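Chains as they are written, first to last, in our numbering: chain D, 25 to 404; chain P, 25 to 404.
No residue lacks a Cβ here, since even glycine has one placed at the ideal position from N, Cα and C.
These figures come from a predicted structure and were not determined experimentally.
A quick write-up on the structure given underneath.
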């Protein structure tokens with residue numbers, strides 16, 4: 025059975041990129057490797073919307089999150105985090121795990137954090153040194169207003185750290201213009217790669233903060249990594265060479281497509297998926313602020329969402345993801361990141377319809393597919 | 025020009041393993057992934073010589089070193105480290121970077137640490153909670169006596185952490201029998217993979233130590249990772265899926281060859297390289313305790329070792345590594361790990377000879393190759 029991957033990461037990888045992974049290894053202390061590393065770091069900048077250095081880490085996206093925590097806050101310091109889902113929650117755990125004091129801004133699952141909540145938190149915790157948030161919360165498929173939060177933090181001595189794991193490469197990021205202090209992502213989402221690389225950029229003032237921080241750990245010490253990557257054109261420790269070569273290829277593909285077309289394609293895929301849900305009378309978990317890279321569709325009440333996800337996978341070969349924690353069995357998350365074109369969304373929606381029919385949900389078969397198709401047609 | 029990789033990592037990867045990297049991605053929260061992860065973790069045990077759990081981390085070997093540090097010692101605690109080269113030195117920096125107190129056992133480059141030095145250090149620093157050492161120090165190509173050190177630590181409340189990055193898969197490791205408390209390696213050496221995976225096993229008492237340690241960080245928190253990998257058959261965070269599939273293939277190849285033949289092949293390659301050096305009247309940096317996975321040959325005085333390495337690479341397409349720090353320009357390191365057979369060492373030795381000739385070192389061209397060949401012939 026042919027399999028189709030619509031998870032919000034890992035995602036489908038283009039064959040050209042997979043073949044890059046199969047190339048014989050070269051050593052990482054060579055001019056050949058330096059050329060590739062430099063190219064990758066340069067090609068990432070427009071995706072981050074930054075003129076600052078983008079660093080490549082051999083870790084998952086969670087490792088890049090950890091790098092932000094250990095470099096930008098110190099033990100005992102307070103840090104605000106936006107908890108609107110599993111990944112927001114992770115910020116809190118991570119801050120605590122490193123001996124700092126997490127201060128929570130709670131957001132209902134599916135909602136976006138409101139800028140007033142950030143203002144309130146800054147008033148309540150005037151000693152807070154940083155705010156940690158997601159650009160888009162993968163567990164609830166909700167988009168947070170990173171730009172609006174940056175408008176608050178950029179005039180104050182508070183760092184804004186944004187997890188862009190399901191945003192960078194999906195929608196335009198203007199890190200420098202907005203005033204975001206750290207933006208990070210992982211390789212296995214919009215960058216169309218297998219997991220294994222974390223990517224992070226810091227603002228000028230964040231670099232100053234990191235420099236003044238004497239306890240930056242070792243593996244994720246970004247000052248050390250900056251020196252290695254910027255000055256010596258290599259990494260501080262042995263890097264995931266094969267993935268870096270593959271990243272260079274995938275960035276080449278994205279830039280050849282042009283970023284504006286990439287973002288337009290992403291928008292069409294998201295809109296097609298949302299239109300299908302509406303046509304099927306299904307609601308979104310985040311109707312007012314849907315995430316750009318993954319759509320979270322609530323399963324009709326009384327219908328087992330986990331069973332739906334299994335049916336789609338086992339009968340149709342279509343992998344999507346269910347909900348986590350409180351949304352277990354109640355949510356279907358359809359990812360639209362990676363090596364996908366708008367037409368692929370017809371496959372995802374069709375499998376969703378077939379699964380729903382088998383669970384006796386009442387609707388006209390094909391209604392979702394037709395709605396998705398009209399969105400696609402509009403753009404052609 | 026065909027290129028030959030004899031670096032002490034990254035190493036040549038078998039084509040079957042490279043092709044595994046080019047396979048379409050599957051999701052890491054699936055039964056298919058669990059089967060592979062379980063297989064990998066099981067197949068690693070004989071290479072570690074342990075019945076304990078071996079965990080897979082998405083990081084380089086340095087990340088696995090950091091995991092040992094943050095899980096087994098706490099801030100303010102003392103830890104002894106054996107500093108006989110660049111990687112020994114790294115233990116010290118890492119211990120300090122995490123707020124613990126490094127206590128150095130200094131070893132001359134090329135020498136092995138003597139068990140008496142460990143006894144002395146334990147007397148001098150009775151509060152030390154752990155000893156960190158290399159099984160084999162890649163920068164000096166020297167083997168340290170991990171077994172003898174374990175004989176000292178296993179009866180005391182001191183953990184022994186061994187970096188086996190250039191030993192696991194090269195020579196037999198008997199972690200359980202010797203009483204080593206943590207043994208770790210990376211994917212890019214004897215395991216014949218690209219870099220990007222760290223692998224670590226802990227002894228029973230090391231797991232207890234980790235459990236009692238409340239500040240284990242987040243990304244490298246091994247208790248969290250143990251629960252995920254042992255109980256849930258997946259990883260705590262998104263893993264480097266493609267590399268894990270490739271590791272499964274490379275372990276399949278190693279076990280098909282049988283470990284005893286793998287170790288015999290490794291021994292032959294090391295002996296052939298050493299015999300060649302002797303025939304060329306070249307000395308080793310570690311003549312009494314040469315490392316099994318990489319041979320460090322001193323360049324004749326007056327001859328520029330960096331130039332030799334460059335000649336071998338640029339004229340012959342043969343990548344070896346020079347010396348670091350105090351050995352810069354004075355050492356040639358020929359790795360014999362990865363996808364190599366004994367006959368490949370003829371290529372490395374031949375390029376070494378040609379480079380030496382071009383730098384006017386006087387010897388009979390072919391003497392090294394002949395010596396290597398006799399060692400190979402002996403085993404056939």
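Expressed to the nearest angstrom, what Euclidean distance is found between the alpha-carbon atoms of residue i and residue j?
{"i": "residue 216 of chain D", "j": "residue 282 of chain D", "result": "15 Å"}
{"i": "residue 327 of chain P", "j": "residue 371 of chain P", "result": "22 Å"}
{"i": "residue 292 of chain D", "j": "residue 299 of chain D", "result": "10 Å"}
{"i": "residue 211 of chain D", "j": "residue 252 of chain P", "result": "22 Å"}
{"i": "residue 389 of chain P", "j": "residue 302 of chain P", "result": "14 Å"}
{"i": "residue 357 of chain P", "j": "residue 336 of chain P", "result": "12 Å"}
{"i": "residue 405 of chain P", "j": "residue 310 of chain P", "result": "Absent from the model: residue 405 of chain P. The displayed extent of chain P is 25 to 404, so no value can be given."}
{"i": "residue 173 of chain D", "j": "residue 146 of chain D", "result": "11 Å"}
{"i": "residue 49 of chain D", "j": "residue 132 of chain D", "result": "47 Å"}
{"i": "residue 176 of chain D", "j": "residue 75 of chain D", "result": "22 Å"}
{"i": "residue 376 of chain D", "j": "residue 387 of chain D", "result": "12 Å"}
{"i": "residue 34 of chain D", "j": "residue 192 of chain D", "result": "15 Å"}
{"i": "residue 25 of chain D", "j": "residue 51 of chain P", "result": "16 Å"}
{"i": "residue 188 of chain P", "j": "residue 155 of chain D", "result": "39 Å"}
{"i": "residue 144 of chain D", "j": "residue 102 of chain D", "result": "15 Å"}
{"i": "residue 184 of chain P", "j": "residue 141 of chain P", "result": "15 Å"}
{"i": "residue 246 of chain P", "j": "residue 235 of chain P", "result": "9 Å"}
{"i": "residue 242 of chain P", "j": "residue 92 of chain P", "result": "13 Å"}
{"i": "residue 57 of chain P", "j": "residue 68 of chain P", "result": "17 Å"}
{"i": "residue 393 of chain D", "j": "residue 373 of chain D", "result": "6 Å"}
{"i": "residue 250 of chain D", "j": "residue 79 of chain D", "result": "7 Å"}
{"i": "residue 400 of chain P", "j": "residue 206 of chain P", "result": "35 Å"}
{"i": "residue 318 of chain P", "j": "residue 264 of chain D", "result": "21 Å"}
{"i": "residue 209 of chain P", "j": "residue 385 of chain D", "result": "52 Å"}
{"i": "residue 29 of chain D", "j": "residue 199 of chain D", "result": "30 Å"}
{"i": "residue 40 of chain P", "j": "residue 230 of chain D", "result": "44 Å"}
{"i": "residue 349 of chain P", "j": "residue 296 of chain P", "result": "27 Å"}
{"i": "residue 355 of chain D", "j": "residue 150 of chain P", "result": "56 Å"}
{"i": "residue 347 of chain D", "j": "residue 320 of chain D", "result": "8 Å"}
Give me the Cβ distance between residue i and residue j, rounded to the nearest whole Å; I'm assuming they're in contact under 8 Å.
{"i": "residue 98 of chain P", "j": "residue 239 of chain P", "result": "6 Å"}
{"i": "residue 306 of chain D", "j": "residue 379 of chain D", "result": "Rounded, the Cβ-Cβ distance is 12 Å, inconsistent with contact."}
{"i": "residue 221 of chain D", "j": "residue 82 of chain D", "result": "7 Å"}
{"i": "residue 213 of chain P", "j": "residue 118 of chain P", "result": "Not confirmed; about 19 Å, so no contact."}
{"i": "residue 135 of chain P", "j": "residue 182 of chain P", "result": "With 8 Å as the limit, residue 135 of chain P and residue 182 of chain P do not qualify as a contact, their Cβ atoms being about 22 Å apart."}
{"i": "residue 267 of chain D", "j": "residue 218 of chain D", "result": "7 Å"}
{"i": "residue 364 of chain D", "j": "residue 160 of chain D", "result": "About 17 Å separates the two Cβ atoms, so there is no contact after all."}
{"i": "residue 164 of chain D", "j": "residue 109 of chain D", "result": "4 Å"}
By the 10 Å Cβ neighbour count, where 16 or more other Cβ atoms means buried, how is residue i classified, buried or exposed?
{"i": "residue 273 of chain P", "result": "buried"}
{"i": "residue 279 of chain D", "result": "exposed"}
{"i": "residue 148 of chain D", "result": "exposed"}
{"i": "residue 59 of chain P", "result": "exposed"}
{"i": "residue 179 of chain P", "result": "exposed"}
{"i": "residue 228 of chain P", "result": "exposed"}
{"i": "residue 404 of chain D", "result": "exposed"}
{"i": "residue 72 of chain D", "result": "buried"}
{"i": "residue 130 of chain P", "result": "exposed"}
{"i": "residue 339 of chain D", "result": "exposed"}
{"i": "residue 334 of chain D", "result": "exposed"}
{"i": "residue 367 of chain P", "result": "exposed"}
task = Taking only beta carbons into account, state which residues of the stretch 156-172 of chain D come closer than 8 Å to chain P, listed in chain order.
result = none
ask   = Which residues, in order along the stretch 265-279 of chain P, keep a beta-carbon less than 7 Å from a beta-carbon of chain D?
value = 265, 266 and 267
inquiry  = Tell me which residues of the stretch 71-87 of chain P have at least one Cβ-Cβ distance to chain D shorter than 8 Å, keeping chain order.
reply    = 82, 83, 84, 85, 86 and 87
ask   = What residues in the stretch 116-131 of chain D bring their beta carbon closer than 7 Å to a beta carbon of chain P?
value = 117, 118, 121, 122 and 123
query = Which residue spans inside the stretch 90-130 of chain D form an unbroken beta strand (DSSP E) run of at least 3?
reply = 102-107 and 125-130
Residues from the stretch 27-38 of chain P in contact with chain D, defined by Cβ distance under 8 Å = 27, 29, 31, 33, 34, 35, 36 and 37
query = For the stretch 87-115 of chain P, which residues have a beta carbon sitting closer than 7 Å to at least one beta carbon of chain D?
reply = 87 and 90
query = In chain order, what residues of the stretch 345-360 of chain P put their CB closer than 8 Å to some CB of chain D?
reply = 345
task = Note down, in chain order, all residues in the stretch 236-263 of chain D with a beta-carbon under 9 Å from any beta-carbon belonging to chain P.
result = 239, 240, 241, 242, 243, 244, 245, 259, 260, 261, 262 and 263
task = May I ask you to list, following chain order, the residues of the stretch 200-231 of chain P that have a beta carbon less than 8 Å from some beta carbon of chain D?
result = 210, 212, 218, 219 and 220
request  = Give, in chain order, every residue of the stretch 284-316 of chain D whose Cβ lies closer than 9 Å to some Cβ of chain P.
outcome  = none
request  = Counting only runs of 4+ residues fully inside the stretch 231-257 of chain P, write out the alpha helix (DSSP H) ranges in chain order.
outcome  = 246-250
key: Secondary structure, alpha helix (DSSP H): runs of 4+ residues fully inside the stretch 286-351 of chain P   = 329-340
key: Segments assigned beta strand (DSSP E), at least 3 residues, entirely inside the stretch 143-189 of chain D   = 154-158 and 183-187
ask   = Which of the residues in the stretch 44-55 of chain D, read from start to end, lie with their CB under 8 Å from any CB of chain P?
value = 45, 46, 47, 48, 49, 50, 51, 52, 53 and 54
ask   = What residues in the stretch 332-344 of chain D have a beta carbon less than 7 Å from any beta carbon of chain P?
value = 343
Contacting positions in the stretch 379-390 of chain D - beta carbon closer than 8 Å to chain P = none
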